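Colleague:
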Amino acid sequence: MDSLLCELRKLAKGLGVDLVGAADLTGAHDFILRQAGEHISGFPRAISIGIRLLDAVVDELYRHEESSALYSYRGLYDSVNANLNRAALLVAKRIQDAGFRAYPIPASQTVNQRRL
Numbered sequence: 007m008d009s010l011l012c013e014l015r016k017l018a019k020g021l022g023v024d025l026v027g028a029a030d031l032t033g034a035h036d037f038i039l040r041q042a043g044e045h046i047s048g049f050p051r052a053i054s055i056g057i058r059l060l061d062a063v064v065d066e067l068y069r070h071e072e073s074s075a076l077y078s079y080r081g082l083y084d085s086v087n088a089n090l091n092r093a094a095l096l097v098a099k100r101i102q103d104a105g106f107r108a109y110p111i112p113a114s115q116t117v118n119q120r121r122l
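Counting in the working numbering, the sequence shown runs from 7 upward without gaps.
1) Should Leu39 and Leu59 be called a contact, given that it needs their Cβ atoms to be closer than 8 Å?
2) Within the segment 24–87, note down every full alpha helix (DSSP H) run reaching 4 residues or more, in order along the chain.
3) Have a look at Arg120, Ala88 and Tyr68 and flag the residue whose alpha-carbon is nearest the alpha-carbon of Ile57.
4) Is it true that the segment 87–103 meets the segment 30–37, where meeting means three or more beta-carbon pairs spaced less than 8 Å apart?
5) Helix, strand or coil for Gly22? Go by DSSP, reduced to three states.
6) What would DSSP say about Ile111, mapped onto helix, strand or coil?
7) Under 8 Å, do Val63 and Tyr79 count as touching if we go by C-beta distance?
8) Do Val23 and Ile55 come within 8 Å of each other at the CB atom, strictly closer than that value?
9) May I ask whether a heavy atom of the ligand PLP can be found less than 7 Å away from the beta carbon of Leu31?
10) Assign Ala104 to one of three DSSP states: helix, strand, or coil.
Shown next as structure tokens:
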């Protein structure tokens with residue numbers, strides 16, 4: 007399992023991902039069941055990926071009421087989420103190819119609106 011995780015980290019990094027983490031979810035099963043339902047709670051582990059946003063754009067968020075700052079952030083947000091979604095799909099495919107179940111959750115997707 008450690009070699010697969012190492013391979014997944016390399017794959018994700020090669021796809022432009024900056025942060026990769028893994029977690030054992032068995033201790034959170036009941037909470038996940040209540041939050042996201044039976045299907046999602048059936049996955050005993052999770053891999054989380056992240057991409058650092060561009061500092062120059064984030065530094066302008068205090069001007070969020072100005073359309074230029076908002077459009078710059080929105081464009082960055084959309085681009086990063088599209089890349090995260092692609093990376094999540096390819097990481098999930100590799101997990102599946104290794105004989106495990108995988109379920110990528112799209113970036114910024116709310117699984118349960120009432121329990122956000």
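Idealized CB from N, CA, C, for every residue including glycine.
All values reported here derive from a predicted model rather than from experimental measurement.
Modeller: The structure says:
1) Sequence index remark: in the sequence shown, residue 39 carries index 33 (1-based). Sequence index remark: in the sequence shown, residue 59 carries index 53 (1-based). No, they are not a contact pair.
2) 35–42, 44–47 and 61–64
3) In the sequence shown, counting from the first residue as 1, residue 57 sits at position 51. Ile57 has its Cα closest to that of Ala88, out of Arg120, Ala88 and Tyr68.
4) no
5) Here residue 22 refers to the residue found at position 16 when the sequence shown is read from its first residue. In the structure shown, Gly22 sits in coil (DSSP, three-state: anything other than H, G, I, E or B).
6) Taking the first residue of the sequence shown as 1, we reach residue 111 at position 105. Annotated three-state conformation of Ile111 is coil, per DSSP.
7) The residue given as residue 63 occupies position 57 in the sequence shown. The residue given as residue 79 occupies position 73 in the sequence shown. For the pair Val63 and Tyr79, the CB atoms are nearer than the 8 Å cut-off.
8) Stepping through the sequence shown from its first residue, residue 55 is reached at position 49. Stepping through the sequence shown from its first residue, residue 23 is reached at position 17. A contact, by the Cβ cut-off of 8 Å.
9) Absent from the structure shown: the ligand PLP. Ligands present: none.
10) Taking the sequence shown and counting its residues from 1, the one referred to as residue 104 is at position 98. It is coil, neither helix nor strand.
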